[in-house]
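Chemist: Going down the list, the protein sequences come from chains A and B. First residue of the first sequence: 248, per this note's numbering; consecutive thereafter. First residue of the second sequence: 663, per this note's numbering; consecutive thereafter. Glycine is no exception: its CB is placed at the ideal position from the N, C-alpha and C atoms. This is the structure, below, for whatever I ask next.
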Amino acid sequence: NAGVTQTPKFRVLKTGQSMTLLCAQDMNHEYMYWYRQDPGMGLRLIHYSVGEGTTAKGEVPDGYNVSRLKKQNFLLGLESAAPSQTSVYFCASSNNVPTGVIYGYTFGSGTRLTVV
Amino acid sequence: GQQLNQSPQSMFIQEGEDVSMNCTSSSIFNTWLWYKQDPGEGPVLLIALYKAGELTSNGRLTAQFGITRKDSFLNISASIPSDVGIYFCAGHKAAGNKLTFGGGTRVLVKP
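Structure, rendered in C-alpha cells:
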C-alpha cells in the first residue's frame, strides 16, 4: 500500500511564483491535513479537510489555499510565494470514526520547499 | 497556538542508555499519541494511548497516559543508534478530529 504520497519532494521557487503541492491517499480516509514543519516550531496545521468538497483553516492558513475536489486528493496552493514559506510541508490523512476515537494520522514523506 | 509542551527539546543518547521524554498540557486530552520522525521522512505512529493511567509498550518503547489526562511520557529502553530522530507527542480531544502536536524532542547520538 502506498499510504500517503506527496509530490513533488523538492522544489525551489522564486519570490512571487506560484505552485501547487499534491497529496494523494489510497486508504479511503475522510480527513486530510496540510502541516508545515520549521526548526524549533514542530508541526503547525495550515488547512484541513473533513471530507470531499470541504476545507477549513488551521493554525497558520495565511498565504495558502487548498482544495479537496476528490476524496483521495488534497491540494495545497501558494499563489505568490514568499521566503517565509520556506519550509518542509507534510500531508496527512486519518480515519473518521463516529465514536471520536482516533487511531492516528498517516503522514506523507514531505515536500521540501525553498523560496528565494 | 501550540498547547503541548514537550521536553526536553533535545537530548543526547549513548547506546544502551534508557531515555525519557514527556509532554504536558494545560488542558485535558482523551487520546495521546507518540510519533517518531526519521530524517527526510514524515512522522510515523509509535504508540497510541486511550485511557488515563494506561501504560502501553511497543518493543523497547513504553508510553503512559497521565492520570490527570494532561500529560504523557515516553521511555526508550536500551537505546540503539537507530533511535535517533525527532519524537512528537500529540493529543486528541473528543470534539473534532484534529491532533495537537508538541514541539518535538530531538534525540541525537553522543559524539
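Assign S340 of chain A to one of two classes, buried (16 or more other C-beta atoms within 10 Å of its C-beta) or exposed (fewer than that).
Modeler: For the purposes of this step, residue 340 of chain A is taken as residue 93 along the first sequence, with counting starting at 1. Buried: at least 16 other Cβ atoms inside 10 Å.
Chemist: Buried or exposed: L676 of chain B, going by 16 or more other Cβ atoms within 10 Å of its Cβ?
Modeler: Sequence index remark: in the second sequence, residue 676 of chain B carries index 14 (1-based). One point to set straight first is that residue 676 of chain B is Gln, not Leu, in the sequence displayed. Counting Cβ neighbours within 10 Å, Q676 of chain B comes out exposed, since fewer than 16 surround it.
Chemist: Restricting to runs no shorter than 3 residues, where is the beta strand (DSSP E) found entirely within the region 273-300 of chain A?
Modeler: For the region 273-300 of chain A, whole beta strand (DSSP E) runs of length 3 or above, ordered along the chain, are 278-285, 289-296.
Chemist: Assign D733 of chain B to one of two classes, buried (16 or more other C-beta atoms within 10 Å of its C-beta) or exposed (fewer than that).
Modeler: What you label residue 733 of chain B is simply residue 71 of the second sequence in a count that begins at 1. Buried: at least 16 other Cβ atoms inside 10 Å.
Chemist: Going straight from the alpha carbon of E716 of chain B to that of H294 of chain A, what length do you get?
Modeler: Numbered from its first residue, the second sequence carries residue 716 of chain B at position 54. Numbered from its first residue, the first sequence carries residue 294 of chain A at position 47. Answer to the nearest angstrom: the Cα atoms are 32 Å apart.
Chemist: Does DSSP put D700 of chain B in a helix, in a strand, or in coil?
Modeler: Here residue 700 of chain B corresponds to residue number 38 of the second sequence, with the count starting at 1. Correct three-state label for D700 of chain B: coil.
Chemist: Count the other C-beta atoms from every protein chain shown that fall within 10 angstroms of the C-beta of M279 of chain A, then say buried if there are 16 or more, exposed otherwise.
Modeler: Counting from one through the first sequence, the residue named residue 279 of chain A turns up at place 32. It is buried - the Cβ of M279 of chain A has at least 16 other Cβ atoms within 10 Å.
Chemist: Determine contact between the region 666-685 of chain B and the region 297-315 of chain A, defined as no fewer than three beta-carbon pairs at a distance below 8 Å.
Modeler: no
Chemist: Use the C-beta contact count for S719 of chain B: other C-beta atoms within 10 angstroms, 16 or more gives buried, fewer gives exposed.
Modeler: Residue 719 of chain B sits at position 57 when you count from the first residue of the second sequence. With fewer than 16 other Cβ atoms within 10 Å, it is exposed.
Chemist: The region 690-719 of chain B: which residues have C-beta closer than 9 Å to a C-beta of chain A, in chain order?
Modeler: Listed in sequence order: N692, T693, L695, Y697, Q699, G702, E703, G704, P705, V706, L707, A710, Y712.
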